[in-house]
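Notes follow the structure.
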Amino acid sequence: MSRGSPHSPDVPPSPRMHRHAPPAFARPPPPRARTPERRPMTSVQARPETARPAAAPSSASSQRYRVVWRWHFYAGLFVAPVLLVLAVTGSIYLFKEPFEAWRYQDVRTLAEPVTAPRPLSEQIAAAQSARPGTPVMSVIPPTSPDRTTRVILQGSESGPFAEGISVYVDPGTAEVMGQIDDSATFMRVVRTIHGELMSGTAGDRVVEIAACWALILVATGTYLWWSGRRTRGKSARSGRGRLRRLHLMTGVGGGAVVVFLVLSGLPWSGVWGDGLQRIQGSTGSTAPSADDYPNTSTPPLSGDLSDHPDAKVPWSAERLPVPPSGDEHAGHGSSAGVLQPGALPVEAALAAAKPRIRQCPAAACDVKVLLPDGPRGVYTIVTGHRRDPSAAQTLHVDQYSGRVLVSYGWAEYGVMAKAVEQGIALHEGRRYGTANLIVMLGACLALITLVVTGAWMWWKRRPRGRAGAPARATDRRTAYGVMTIMALLGLLFPLAGITMAAVLLLDWLVLRRIPAAARVFG
1 MSRGSPHSPD
11 VPPSPRMHRH
21 APPAFARPPP
31 PRARTPERRP
41 MTSVQARPET
51 ARPAAAPSSA
61 SSQRYRVVWR
71 WHFYAGLFVA
81 PVLLVLAVTG
91 SIYLFKEPFE
101 AWRYQDVRTL
111 AEPVTAPRPL
121 SEQIAAAQSA
131 RPGTPVMSVI
141 PPTSPDRTTR
151 VILQGSESGP
161 FAEGISVYVD
171 PGTAEVMGQI
181 DDSATFMRVV
191 RTIHGELMSG
201 TAGDRVVEIA
211 ACWALILVAT
221 GTYLWWSGRR
231 TRGKSARSGR
241 GRLRRLHLMT
251 GVGGGAVVVF
261 LVLSGLPWSG
271 VWGDGLQRIQ
281 GSTGSTAPSA
291 DDYPNTSTPP
301 LSGDLSDHPD
311 AKVPWSAERL
321 PVPPSGDEHA
331 GHGSSAGVLQ
341 PGALPVEAAL
351 AAAKPRIRQC
361 PAAACDVKVL
371 LPDGPRGVYT
381 IVTGHRRDPS
391 AAQTLHVDQY
401 SGRVLVSYGW
411 AEYGVMAKAV
421 EQGIALHEGR
431 RYGTANLIVM
441 LGACLALITL
451 VVTGAWMWWK
461 RRPRGRAGAP
471 ARATDRRTAY
481 GVMTIMALLG
491 LLFPLAGITM
501 AAVLLLDWLV
511 LRRIPAAARV
521 FG
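Counting with full-length UniProt numbering, you get residues 1 to 522 for the letters of the sequence shown.
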């Protein structure tokens, strides 16, 4: 470097050089275009003219995305705790049969097989002597020679899924092997939590609302995934990005099974299930009708004969009218679950019905006998295959003559009833054995993953003092379009529609009008 260079540290630059020559590191200015009139212009002023038309198409899409995301966010936030409880209890209840076979093997299994069983009426009398004065509700004969007879006595509870006292009797000696209060078992508690959150009718309605909103969550989540599929991998390296990817992949992989799990469980619900049964009856899916029984104007229904979940008629037969037994012996008694004078013993009624029972292998079928309810009641015999619902059958037998009054099975089921019965068997994980159980368990685990990752993502992104909800859409037409689709879903699922309307009213009348609430909920 020369002595006169401006970069030399020991020689100051010449004043003339500093005034007239540009520094070595400066670039020469570009040639200035000649214009008729010099006018200051910035790049910010020049961009809107070209950028605004290109942004218009994506604006409507982003508005729609925002509306759907807002519904998805609040739906998940409100029903996530209930869905988590349903998924956990459902995954446990899938193992009810093997768990209870292991837990109660001391009273259900005999050390030696029985070759000459005592009459069922004698076994029932032995069970009654263990709890004097308690009415007998139903009897489940042993399915194999090394099993005990289960006599279900009336318990202290009533209503849906009301349990009783199960007394197990050795069929060879008519001795009582043990008693179990079915209302206090572990699986009973799990089922009560799963079905009604241990809160009766109110809990049943909450469970139904959560189940219906789960379908809306899947629908909105599918739209969000499809709309954002081009950009979903951009933030996958961050912690929240990995959670989001796990949430998305779980929803995409298990969403269809979760939808089936919800739909197949809704027939047990109070409002939607009752409506489905009424539709089934009005479309001729149940037969025979009450008109076939001229002796009674308001016949009882088969579903009302027993509330015990292990001794109920199939779902499709619950609205089957129950015919009365012959009138010639009526008036000799009125106690429920107690045989009347002149009535046939249980084994005689079962023998009378056996020729009408269709093919159902004894090793794979449970036969349940519900005792007559009063002097005009009937024996109700229910056969149920542990896997195949098409082998289920419900028979009503006159308690005095042994005549089969009604035989109702798969051939009499309508299309809707068959679909529901198959759905229930799949829902419980027993239709196709272990493979079915694994798939349903996977659906429960997928639902747990969706709830946990969704709540975790919200917790990580929420601003301080705010819910962190997506902002409201500013385009009313887009918002109304999404709300119309949501309204259609609300018509299909009434409780979801009612809660949807309640949320909209709350948002319109309260959240938007109170500044503090508007800041929190967006």
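Glycine is no exception: its CB is placed at the ideal position from the N, C-alpha and C atoms.
In this structure, the alpha-carbon of Ala349 lies about 34 Å from that of Val189. Closest in C-alpha terms to Ala343, from the list Pro355, Leu506, Arg403 and Val322, comes Arg403. DSSP lists Tyr168 as the bridge partner or partners of Gly178. Counted as a single uninterrupted DSSP element, the alpha helix (DSSP H) harbouring Met500 occupies residues Pro494 to Leu506. Pairwise C-beta distances place the segment 255-269 in contact with the segment 213-220, as three or more of them are shorter than 8 Å.
DSSP places Val322 in the coil class of the three-state scheme, outside both helix and strand. Of the candidates Leu197, Arg464, Gly326 and Thr220, the residue whose Cα lies closest to the Cα of Pro81 is Leu197. In the DSSP annotation of this structure, Ser282 is not part of any beta strand (DSSP E); the continuous alpha helix (DSSP H) holding it starts and ends at Val271 to Ser282. Residue range Val404 to Gly409 is occupied by the beta strand (DSSP E) that includes Tyr408. In this structure, Gln422 and Ser325 do not form a Cβ contact; the two beta carbons are roughly 33 Å apart against a cut-off of 8 Å. In terms of Cβ geometry, Val107 and Cys444 do not form a close pair [threshold 9 Å].
Per DSSP, reduced to three states, the secondary structure at Cys444 is helical. Between Arg131 and Ile140, the C-beta spacing is not below 9 Å. Relative to Ala417, the option among Tyr74, Ser282, Gly254 and Met137 whose CA is nearest is Ser282. For Met137, the three-state secondary structure derived from DSSP is strand. Straight-line measurement puts the Cα of Thr192 at about 31 Å from the Cα of Gln123.
Cβ atoms of Val369 and Ile381 come within 8 Å of each other, at about 6 Å. Within the model, the alpha-carbon separation for Gly251 versus Val451 is close to 10 Å.
Classified as buried, Pro171 has 16 or more neighbouring CB atoms from the shown chains inside 10 Å of its CB. The shortest C-alpha to C-alpha distance from Val136 to any of Pro145, Gly178, Ile165 and Arg472 is the one to Ile165. Within the same chain, and ignoring the five residues on either side of Leu83 in sequence, the residues whose Cβ sits closer than 7 Å to its Cβ are Ala210, Ala214, Leu447 and Val451. Here Asn436 has Leu426, Gly429 and Arg430 as same chain residues with Cβ atoms under 7 Å from its own Cβ, once five neighbours each way along the sequence are excluded.
In the same chain as Gly497, and ignoring 5 residues on each side of it, the C-beta atoms closer than 8 Å to its own belong to Ala487, Leu489, Gly490 and Leu491, in chain order. As computed with DSSP, Ile381 is found in a beta bridge with Val369 and Leu395.
In summary, Gly433 is exposed, with fewer than 16 beta-carbon neighbours lying within 10 Å of its beta-carbon over all protein chains present. In this structure, Leu110 and Arg147 form a Cβ contact; the two beta carbons are roughly 7 Å apart against a cut-off of 8 Å.
Here Arg462 carries a coil assignment [DSSP, helix/strand/coil]. In the DSSP secondary-structure assignment, Thr109 is bridged to Arg147.
In chain order, Leu370 and Thr380 place their CB closer than 6 Å to the CB of Leu305, counting only its own chain and leaving out the 5 sequence neighbours on each side.
Around the C-beta of Val420, 16 or more other C-beta atoms lie within 10 Å, and the residue is accordingly described as buried. 9 Å or more divides the Cβ of Leu320 from the Cβ of Tyr65. Nearest neighbour of Thr453 by Cα position, chosen from Ala101, Ser302, Leu246 and Met500, turns out to be Leu246. The three-state reading of DSSP puts Leu153 in strand, counting E and B together. Straight-line spacing of the CA atoms in Tyr413 and Pro300 works out to 19 Å. Remark: C-beta atoms of Val167 and Leu153 approach each other more closely than 9 Å.
Cβ-Cβ distances below 8 Å link Leu441 to Ser91, Leu94 and Gly429 in the same chain, with the five nearest sequence neighbours on each side left out; the list follows chain order.
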